[in-house]
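Number of protein chains: 2
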Amino acid sequence: MWRDLSPVGRSASSGGYFRQPWASAESELRAWFAAECTSRGLVVETDGIGNQVAWWSPASGRSEEPGVLTGSHLDSVLDGGAYDGPLGVVSALAAIDLLRERGFEPARPIGVSVFVEEEGSRFGRACLGSRLVTGATTWDEARELRDRDGVFLADAVSAAGLDPAQGLLSLDRVATFVELHVEQGRDLVDRDVAVGLATEIWPHGRWRFDFAGQANHAGTTRMEDRHDPMLTYAMTALAADKQARLAGQRATFGRISVEPNGTNAVPSLVTAWLDARASTDEALAEMVALIERQADERAGRDGTSLVVTAESVSRSVAFDPDLAARLAAIGDWPVIPTQAGHDAGILSAAGIPTAMVFVRNPTGISHSPDEHAETADCLAGVDALADVLTELARSGAPE
Amino acid sequence: MWRDLSPVGRSASSGGYFRQPWASAESELRAWFAAECTSRGLVVETDGIGNQVAWWSPASGRSEEPGVLTGSHLDSVLDGGAYDGPLGVVSALAAIDLLRERGFEPARPIGVSVFVEEEGSRFGRACLGSRLVTGATTWDEARELRDRDGVFLADAVSAAGLDPAQGLLSLDRVATFVELHVEQGRDLVDRDVAVGLATEIWPHGRWRFDFAGQANHAGTTRMEDRHDPMLTYAMTALAADKQARLAGQRATFGRISVEPNGTNAVPSLVTAWLDARASTDEALAEMVALIERQADERAGRDGTSLVVTAESVSRSVAFDPDLAARLAAIGDWPVIPTQAGHDAGILSAAGIPTAMVFVRNPTGISHSPDEHAETADCLAGVDALADVLTELARSGAPE
């Protein structure tokens, strides 16, 4: 399976992946997923925006029981790695193969899911597929989102041959959700174990900073006559780094757009996006407010102005602690927090008992072509996921 | 004429101009220029890359004399103003109208010229049209330049219906070049005069700074584990501003490109262009070296790396001092320096006696939709240019 996925949406120069939702690489991946499921006799359902689920129903009787859902996503950040997302989908299918090899007969349905636009790399809203399915975001709100080229989400979805009017996946029959994911830090490396479970997702969000100044000639305009928003931005990027370091949190300006972006012109507008994460909702709000205040002060000195817009803010998500404890006991796995958002966080916030299985990442690097997991660790992850599914779908398992 | 030009390549939202070379707005402007010249009985010549010249030859005999060339450019920076370039072309045509009204008969040919890609906004090389004509840049070198979309210059020129094999304008018959231009500073405002002449162009150049780091997840990567080139860039932009202020020179980072430019990824690469200008060649070299040294030091602290490439460096240009003095005497005009590059600088460096006429800019703002000149000042500019052409093309004028 891994070999089939390897070339899809891959950049020849960087080796990274560009798997944007509702574009060609993703359509290819959706078809691949459907074919893999069908070849396993799983019944695939694709909803009106491209979310997919495939069910393995118990041979006799209990196919109407609430089921166990597992899976992840197939889209990537721009120039991302091979594992973030696909590892969870491939491992889910591999775990089903393993369970069948072991002769396991589920007492309730087991589903494999793929949610669209998990990364928010195209329309700026992370976990958009799961947000729409759980109602955390409404279609009326989402359809108006635009990508960098100004394309509306509704048009992108139609262009991909999908019809939102056909409805969204129902989670009514999902008793539990489990997402396997490559770890995006080095907690498991430090603990020297291949597999762990998640306790919580840090609160996190994206804020757009619009720094406005006055376009002017880069040669003839004296430095003291300028209103250069690039300077206000530059100080803000350094301030964000400093505040996050001091507080032991995270703050990143990784995306920027400049108008007119000409070598010989002082910019009129610099738009930059702050990605910030912290251990508590309060710490996050405090850090962002502090960065904004420092930016405002510098704007005053530069003669520029600043507007900050919260584009998406996700509160802290604590995964079901009883479920985590029950599953951790299976393999004596450690239970660790994560700073990354996941569809699992959205489903958990919607009241579905949810757990995450992490697979060790030797460098901790993620959202990069260098993202990696050793094959032995990936196989340990499949094994662990199969054990987890056994625990959740076995006959006589507690709800 | 001004009214005809006003809508071409204009952005409805900003009111600024996007007149990129070898694209539709510029083709329209080239056709407009040819029509204006033809309607005046001037013979228009367009060379193999789109430079244009139209000659008004003496009625009798002396059309083989070396001539006086005047003009400017019609391309703009991205989101630029209406005056930078077009004012010199429109004023040249208006000056010819005025000379004819006055009944002036030139003793040598007067030409009106338009050079392409003066701003370097598409292929990064300022004054490319005049550089090719004077041989300062060769076609073999230029044809390999690429724009932001990766299009080769040779292909862009062909796509515009031009054929470089048809040759370039010859400057053999140009005895003098005069370029009228809106002032891009506030020297004339401070002096309270509508028109001035140029003494020199400051040395200036463009340097590309490639800051390389390590792409990573913006949430899960601890601040201390990052190699974030955005931070190195941010400090460098602030250092450039500070050095230029301290030295009374100019340094600007107005253009930036980020890979992968995703909100939730630490960038792998930040490329930014430094535009720097100083009063002497030595001061310019010293300032750029200082900025580069500070950037290198910060790169060491950030765990990033830096490569600096000089994309174009123009040495100081002193316009012909005797010519400036002779012309300044006509209207008692002040003679002032400029920090902006112009085709006039390229022709002067190629050994052609060259002068520039500046028209007052009430705010000094340029390379911006807010660029402006009062109509009365523009008319004073046309008047001055007509006087200059009279002095240079009259019977018995010194060479």
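Heads up: the protein sequence lines correspond to chains A and B, in order.
Numbered by the numbering used here, the letters in the first sequence go through residues 1 to 399 in order.
Numbered by the numbering used here, the letters in the second sequence go through residues 400 to 798 in order.
All C-beta atoms in this analysis are idealised placements derived from N, C-alpha and C, irrespective of residue type, glycine included.
Bear in mind the structure is a predicted one, so any value in this text is a computation, not a measurement.
Compute the distance between the beta-carbons of residue i and residue j, then report whether it is under 8 Å.
i, j, result
"R521 (chain B)", "S475 (chain B)", "no"
"N198 (chain A)", "I336 (chain A)", "It should be pointed out that residue 198 (chain A) corresponds to Ala in this sequence rather than to Asn. Yes."
"N264 (chain A)", "G300 (chain A)", "no"
"D210 (chain A)", "T271 (chain A)", "yes"
"Q738 (chain B)", "R676 (chain B)", "yes"
"E311 (chain A)", "R206 (chain A)", "yes"
"A251 (chain A)", "D241 (chain A)", "yes"
"V511 (chain B)", "L441 (chain B)", "yes"
"L784 (chain B)", "A491 (chain B)", "yes"
"T708 (chain B)", "R607 (chain B)", "yes"
"G477 (chain B)", "V513 (chain B)", "Rather than Gly, the amino acid found at residue 477 (chain B) in this sequence is Leu. Going by C-beta atoms, L477 (chain B) is not nearer than 8 Å to V513 (chain B)."
"P106 (chain A)", "W32 (chain A)", "no"
"S471 (chain B)", "E578 (chain B)", "yes"
"Q243 (chain A)", "L290 (chain A)", "yes"
"R326 (chain A)", "D281 (chain A)", "no"
"A754 (chain B)", "A779 (chain B)", "no"
"G528 (chain B)", "E517 (chain B)", "yes"
"T631 (chain B)", "D701 (chain B)", "yes"
"A215 (chain A)", "V68 (chain A)", "no"
Distance check for residue j and residue i, CA to CA, integer angstroms please.
i, j, result
"E402 (chain A)", "V44 (chain A)", "Look at the range of chain A in this structure, 1 to 399, and you will see that residue 402 (chain A) is not part of it."
"T635 (chain B)", "A694 (chain B)", "5 Å"
"T363 (chain A)", "E371 (chain A)", "8 Å"
"V133 (chain A)", "L169 (chain A)", "6 Å"
"S158 (chain A)", "I330 (chain A)", "44 Å"
"V266 (chain A)", "V317 (chain A)", "43 Å"
"D496 (chain B)", "V787 (chain B)", "14 Å"
"G612 (chain B)", "M622 (chain B)", "13 Å"
"L145 (chain A)", "L269 (chain A)", "21 Å"
"P659 (chain B)", "D589 (chain B)", "46 Å"
"P398 (chain A)", "A95 (chain A)", "21 Å"
"G85 (chain A)", "S366 (chain A)", "11 Å"
"V116 (chain A)", "C777 (chain B)", "58 Å"
"A727 (chain B)", "Y416 (chain B)", "32 Å"
"L87 (chain A)", "T537 (chain B)", "52 Å"
"V712 (chain B)", "L498 (chain B)", "38 Å"
"E582 (chain B)", "G120 (chain A)", "46 Å"
"D140 (chain A)", "A553 (chain B)", "47 Å"
"G449 (chain B)", "G740 (chain B)", "20 Å"
"V488 (chain B)", "D782 (chain B)", "14 Å"
"H580 (chain B)", "G408 (chain B)", "20 Å"
"G262 (chain A)", "R654 (chain B)", "5 Å"
"F358 (chain A)", "G80 (chain A)", "18 Å"
"L347 (chain A)", "E286 (chain A)", "27 Å"
"P406 (chain B)", "D47 (chain A)", "47 Å"
"C127 (chain A)", "W601 (chain B)", "53 Å"
"L637 (chain B)", "R547 (chain B)", "25 Å"
Taking its Cβ as the centre, do 16 or more other Cβ atoms sit within 10 Å of residue i, making it buried, or is it exposed?
i, result
"G161 (chain A)", "exposed"
"R793 (chain B)", "exposed"
"T70 (chain A)", "buried"
"P420 (chain B)", "buried"
"L246 (chain A)", "exposed"
"T774 (chain B)", "exposed"
"D731 (chain B)", "exposed"
"Q451 (chain B)", "buried"
"Q648 (chain B)", "buried"
"E500 (chain B)", "exposed"
"D721 (chain B)", "exposed"
"S412 (chain B)", "exposed"
"E64 (chain A)", "exposed"
"R108 (chain A)", "buried"
Starting from residue i, follow its DSSP beta bridges and name the residues at the other end.
i, result
"G205 (chain A)", "A:A276 and A:V313"
"M755 (chain B)", "B:E578"
"L570 (chain B)", "For L570 (chain B), which the question treats as bridged, DSSP gives no partner whatsoever."
"D210 (chain A)", "A:T271 and A:V307"
"H616 (chain B)", "B:A664"
"G71 (chain A)", "A:S113"
"G80 (chain A)", "A:Y17"
Which residues in chain D have a C-beta closer than 7 Å to the C-beta of residue i? List them in chain order.
i, result
"L231 (chain A)", "Given the protein chain composition of this structure (A and B), no chain D is represented."
What runs of the beta strand (DSSP E), each 3 residues or longer, lie entirely inside the stretch 229 to 313 of chain A?
Here the runs fully enclosed are 250 to 259 and 269 to 277.
Start-end ranges of the beta strand (DSSP E) lying completely within the stretch 83 to 127 of chain A, minimum 3 residues:
Under the rule that a run must span 3 or more residues, the beta strand (DSSP E) segments found entirely inside the stretch 83 to 127 of chain A read 110 to 114.
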